[in-house]
Amino acid sequence: MIEARHLTKTFHDKKRGEILATADVSFRVAPGQIYGLLGANGAGKTTTLRLLATLLRPTSGSATVAGFDVVEHPEKVRANVGFLAATTALYGRLTAREMIAYFGQLNGMAAPALRARIQELSAQLEMGEFLDRRCDKFSTGMKQKTSIARTLVHDPAVMIFDEPTLGLDVMTARAIVRFVRECRDRGKTVIYSTHVMSEVEKLCDVIGIIHGGRLLAEGTLPELRARHGEQDMEEVFVQVVGGEEAA
Amino acid sequence: MNWHNIATIYRKELRDSLRDRRTLISTIVIPTLVMPLMFFGVGKMMSNVVTKAREDIPTVAILGGADSAGVVEKFRASKRLRVVPPPGDWRQAISEKRLRVAVQLPENFEAQLQAGAAGAVKIFHYEGELKSENGARVLERFLSELREQAVAQRLAAHGLPAAAARPFEFRRENVAPPEKVGGNLFGGIVPYVIIILCFTGAMYPAMDLTAGEKERGTMETLLCSPVPRVDIVLGKFLMVLTGSLSAMVFMLISMGVSVTVGGTLVMGGRTAARAGAGAVAASAPGGALPMIDPLGVVGVLAMVLPVAVLFSAAAFTVSLFAKSYKEAQSYLGPMIIVVIMPGVIGMLPGIDLSAKTALIPILNLSLVCKEMLSGVWHWGYIGLIFASSSLYAAIALALAVKMFNRESVLFRT
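Order-wise, the sequence lines are chains A and B.
Be aware that the first sequence starts at 1, since it is given in this note's numbering, and climbs by one per residue.
Be aware that the second sequence starts at 1001, since it is given in this note's numbering, and climbs by one per residue.
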């Protein structure tokens, strides 16, 4: 379960002064549900997800992730979260096995359980061929599989995806989308940020449209279509953010 | 703070760093090579240059002397000099190294010498130029011998023995133990090299583990783990410290091996015997065998520890602020000069340990190392230096932890 309550984050910039990255953002995501956070670049998606993953501290407001408050118990929140973003890279000088084992150890997993988990993930994600090769020699697909195994190693209840398909080819992007669905099917709470409309349409149970740091609209895909009288998600999005100039 | 987490991060960073060529070069390869290069490379080259200069038979132009054929003949007969006709532009010839030295004999020099008192003989040379200086020295020795011959002839003419003008002899002898001689010889340069290597040893792991990780996107991956940030800082910091200390340890081992091997080559069995006794020994010109007090080496290691912590924490903090490896390099590069300056000042004669200098970081290390390597132990100052260095190190480490908790630093774009 994820519950964000009036999450607000401001940054200070020497030239631009106070910058409002997210303002009063509130939403809930239930287990077995994918919540899609849809927004243009700079809308506040990454900041919102970083606040939920406790990489950043909120300026005001709060959030509960897997039953733990993000400000009070950030370590416990992270122990229950798998965070995958285009910006979360792999250690190039480690092998895939070492990479997964490292994050298992950081999550307090004992050696026998960790060994078994790596075997299980390797079989699931078909990593056997490159499990003991160094990550810096991997193709994009191999890297994504290793990253997924890294986020899943401690079997977290909550999965946070920040534009995970950014810059990927069609086949690798499809594999990611399939993996996100599997997470939902296993009863995990999933939040997924993107600016790709088709991904939202295919994947998300509930959609939140964020713009200028504010959550402007929220609902299921049929609800949003009905509310704005448009079938095309792109048109819905443009209407919500206040026209093409605003987008 | 959880030691299991810290150990996990440290082990991973160690494995990662051992696979990084840049870190290996700065923490193992360069520290291992620097001493043999100094001993066998630069040292051998300098000794060759000096030997060659000494073996060089200087060309001498005699100015005047047409009325002193006997003296000129003695110049020509000397095997240590090569008399050449004076060129018209002899001053310029010396400046351009075409002629080493020129000697000017006063008018009627030979006749005046026989009469009892001749005027001064002038030697013209190129100050600071090794071969010309050597030529002047050879010429001075030749003229001294000529003077002594004249004195001996006069004494003989008066029926007196040659010893009448040389009533006693003197010679000098070293009474300082070899450790002190070695301490004086190496005391300045060793701390200086240690300071540089300690810093450069910390520099590359610090950049790779902070700015490098930010640039490669692995920092955010690591921050997603449930490990508290203070544990991440300490795990990474211990790796940076390992880099700094390994640079020093490899340098000391290589120095020990270099001086032992070098000493054996020059001194034969004597050096091997002394090295076997556990001392770091080095050969010196003239057959003396200076040594470094082994206890001094242990003392240096102990004193360097807080300074290595200070360097590691400082390099870590500065690199953490940088967005990229390149930016970190541009910050840490100039810092080498800041680090070297107190080391250089410590090498200057007349700068000694005092209550004030004992509080100046790096300079205090340089000064106390010099003393310890000579076998002199000022316990009061040693305590003060260790305490002050530890305090500076603790402040730097606290600053590193504080920086790591700042979002504006971790997510600086």
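Note that the Cβ used here is the ideal one computed from N, Cα and C, for glycine as well.
> If you draw a straight line from the alpha carbon of A:I209 to that of B:P1334, how long is it in whole angstroms?
Replying inline: Your numbering for residue 209 of chain A matches position 209 in the first sequence. Your numbering for residue 1334 of chain B matches position 334 in the second sequence. Approximately 48 Å, taken between the alpha carbons.
> Does any residue of chain B bring its CB to less than 8 Å from the CB of A:K102?
Replying inline: Here the question's residue 102 of chain A lines up with position 102 in the first sequence. Contrary to the premise, residue 102 of chain A reads as Tyr rather than Lys in this sequence. Taking Cβ atoms only, chain B reaches closer than 8 Å to A:Y102, which makes this a yes.
> Using a C-beta to C-beta distance shorter than 7 Å, which residues of chain A count as neighbours of B:R1019?
Replying inline: On the second sequence, residue 1019 of chain B is found 19 positions in, with the first residue counted as 1. Ordered by position in chain A, the residues that pass the 7 Å Cβ test against B:R1019 are R93.
> Can you find a C-beta in chain A that's less than 8 Å from the C-beta of B:L1238?
Replying inline: Position 238 of the second sequence, counted from the first residue, corresponds to residue 1238 of chain B. By this cut-off, B:L1238 is not an interface position.
>> Using only the alpha-carbon positions, how far apart do B:N1108 and B:P1087 sit?
In response: Numbered from 1 along the second sequence, position 108 holds the residue referred to as residue 1108 of chain B. Numbered from 1 along the second sequence, position 87 holds the residue referred to as residue 1087 of chain B. Answer to the nearest angstrom: the Cα atoms are 22 Å apart.
>> Excluding the 5 residues flanking A:L203 on each side, which residues of the same chain have their C-beta closer than 8 Å to its C-beta?
In response: Taking the first sequence and counting its residues from 1, one reaches residue 203 of chain A at position 203. Once the five neighbours on either side are set aside, the close Cβ partners of A:L203 are I34, G36, V177, V180, R181, Y192.
>> Determine, for B:T1242, whether the minimum Cβ-Cβ distance to residues of chain D falls below 8 Å.
In response: Given the protein chain composition of this structure (A and B), no chain D is represented.
> Which of helix, strand or coil does DSSP assign to A:G141?
Replying inline: Locating residue 141 of chain A in the first sequence gives position 141, where the first residue counts as 1. If DSSP states are grouped into helix, strand and coil, A:G141 belongs with the helices.
> Roughly how many angstroms lie between the CA atoms of B:S1026 and B:T1008, to the nearest whole one?
Replying inline: Mapped onto the second sequence, residue 1026 of chain B falls at position 26. Mapped onto the second sequence, residue 1008 of chain B falls at position 8. Roughly 24 Å between the two C-alpha positions.
> For a contact meaning CB atoms closer than 7 Å, what does A:Q78 contact in chain B?
Replying inline: In the first sequence, residue 78 of chain A corresponds to position 78, counting from 1. Correcting the residue identity first, residue 78 of chain A is Arg in this sequence and not Gln. Chain B residues near A:R78: C1224, S1225, P1226.
>> Which same chain residues end up closer than 6 Å to B:R1270 when comparing Cβ atoms and leaving out the 5 residues on each side of it in sequence?
In response: Along the second sequence, one-based indexing puts residue 1270 of chain B at 270. Residue confidence for B:R1270 is low, a pLDDT of 45 falling below 50, so the modelled location carries little weight and cannot support an answer.
> Is the CB of A:A105 under 8 Å away from at least one CB in chain B?
Replying inline: Position 105 of the first sequence, counted from the first residue, corresponds to residue 105 of chain A. What sits at residue 105 of chain A in the sequence shown is Gln, not Ala. A:Q105 counts as touching chain B.
> Would B:R1406 count as contacting chain A if we go by Cβ distances under 8 Å?
Replying inline: Taking the second sequence and counting its residues from 1, one reaches residue 1406 of chain B at position 406. No, B:R1406 does not count as interfacial toward chain A.
>> Give me the residue from B:T1317, B:A1302, B:F1168, B:A1328 with the minimum Cα distance to B:G1383.
In response: Working through the second sequence from its first residue, we reach residue 1383 of chain B at position 383. Taking only the C-alpha atoms, the option nearest B:G1383 is B:A1302.
>> In the DSSP output, what is A:E218 paired with across the bridge?
In response: Your numbering for residue 218 of chain A matches position 218 in the first sequence. Looking at the DSSP assignment, A:E218 forms a beta bridge with A:G208.
> Assuming B:L1223 and B:I1006 make a contact with CB atoms under 8 Å, what is their CB distance in whole Å?
Replying inline: As a first step, residue 1223 of chain B is located in the second sequence; it is residue number 223 there, counting from the start. As a first step, residue 1006 of chain B is located in the second sequence; it is residue number 6 there, counting from the start. Between B:I1006 and B:L1223 the Cβ distance is about 16 Å, and since that is not below 8 Å, they are no contact.
> If you measure from the beta carbon of A:E75 to each beta carbon in chain B, is any gap under 8 Å?
Replying inline: Start at 1 with the first residue of the first sequence, and residue 75 of chain A comes out as number 75. Yes - at least one Cβ of chain B is within 8 Å of the one on A:E75.
> Can you tell me where the alpha helix (DSSP H) with A:R178 in it begins and where it stops?
Replying inline: Here residue 178 of chain A is taken as the residue at index 178 of the first sequence, counted from 1. Looking at the DSSP string, the run of the alpha helix (DSSP H) that includes A:R178 is 170-185.
> Based on Cα-Cα distance, which residue from B:H1378, B:A1118, B:K1370 lies nearest to B:A1355?
Replying inline: The residue given as residue 1355 of chain B occupies position 355 in the second sequence. It is B:H1378 whose Cα lies nearest to the Cα of B:A1355.
> Along chain B, in chain order, which residues have C-beta atoms closer than 9 Å to that of A:A53?
Replying inline: Position 53 of the first sequence, counted from the start, is the residue given in the question as residue 53 of chain A. Residues of chain B passing the Cβ test: L1223, C1224.
>> Does the CB of B:R1216 have a neighbour CB from chain A at under 8 Å?
In response: Within the second sequence, numbered from 1, the residue matching residue 1216 of chain B stands at position 216. Yes, because at least one Cβ of chain A sits closer than 8 Å to the Cβ of B:R1216.
> Would a C-beta distance cut-off of 8 Å place B:V1151 and B:I1123 closer than the cut-off?
Replying inline: Position 151 of the second sequence holds residue 1151 of chain B. Position 123 of the second sequence holds residue 1123 of chain B. No, these two residues do not count as a Cβ contact at 8 Å.
> Any idea which residues DSSP pairs B:L960 with across the strands?
Replying inline: The first residue shown for chain B is 1001 and the last is 1413, placing residue 960 of chain B beyond what the model contains.
> Under 8 Å, do B:S1324 and B:A1211 count as touching if we go by C-beta distance?
Replying inline: Taking the second sequence and counting its residues from 1, one reaches residue 1324 of chain B at position 324. Taking the second sequence and counting its residues from 1, one reaches residue 1211 of chain B at position 211. Against a cut-off of 8 Å, the Cβ pair of B:A1211 and B:S1324 comes out as a contact.
> Closest to B:N1405 by CA distance: which of B:R1229, B:L1241, B:G1375 is it?
Replying inline: Looking up residue 1405 of chain B in the second sequence gives position 405. It is B:R1229.
> Among A:E3, A:T189, A:F161, A:L215, which has the Cα closest to the Cα of A:E256?
Replying inline: It is not possible to answer for residue 256 of chain A, since the shown part of chain A is limited to 1 through 247.
> Contact between the region 92-104 of chain A and the region 41-51 of chain A: three or more CB pairs below 8 Å?
Replying inline: no
>> Here's the rule: buried if 16 or more other CB atoms are within 10 angstroms of the residue's CB, otherwise exposed. What is B:N1048?
In response: For this step, residue 1048 of chain B is matched to residue 48 along the second sequence. Its Cβ having fewer than 16 others within 10 Å, B:N1048 is exposed.
> Which term fits B:W1090, buried or exposed, when burial requires 16 or more other beta carbons within 10 angstroms of its beta carbon?
Replying inline: Counting from 1 along the second sequence, the entry for residue 1090 of chain B is found at position 90. With 16 or more other Cβ atoms within 10 Å, it is buried.
> With 8 Å set as the bound, which would you pick, yes or no: does the beta-carbon of B:K1012 sit closer than that to a beta-carbon of chain A?
Replying inline: If you number the second sequence from 1, residue 1012 of chain B lands on position 12. Taking Cβ atoms only, chain A reaches closer than 8 Å to B:K1012, which makes this a yes.
>> For a contact defined as C-beta to C-beta under 9 Å, what are the partners of B:E1327 on chain A?
In response: Along the second sequence, read from residue 1 onward, the residue named residue 1327 of chain B stands at position 327. Those within 9 Å of B:E1327 in chain A number zero; the least Cβ separation is about 17 Å.
>> At the level of alpha carbons, what is the spacing between B:L1209 and B:V1257?
In response: Position 209 of the second sequence holds residue 1209 of chain B. Position 257 of the second sequence holds residue 1257 of chain B. If you take the alpha carbons of B:L1209 and B:V1257, they lie about 32 Å apart.
> Alpha carbon to alpha carbon, what distance is there between A:K9 and A:R57?
Replying inline: Here residue 57 of chain A is taken as the residue at index 57 of the first sequence, counted from 1. Here residue 9 of chain A is taken as the residue at index 9 of the first sequence, counted from 1. Approximately 8 Å between the Cα atoms of the pair.
> With which residues is B:F1124 paired in a DSSP beta bridge?
Replying inline: Taking the first residue of the second sequence as 1, we reach residue 1124 of chain B at position 124. In DSSP, B:F1124 forms a bridge with B:A1102.
>> Below 7 Å on C-beta distance, what does A:E83 contact in chain B?
In response: In the first sequence, the residue the question calls residue 83 of chain A occupies position 83. Reading off the sequence shown, one finds Phe at residue 83 of chain A, where the question assumed Glu. Result: C1224.
> A:A85 bridges to which residues according to DSSP?
Replying inline: Mapped onto the first sequence, residue 85 of chain A falls at position 85. Paired residues: A:D162.
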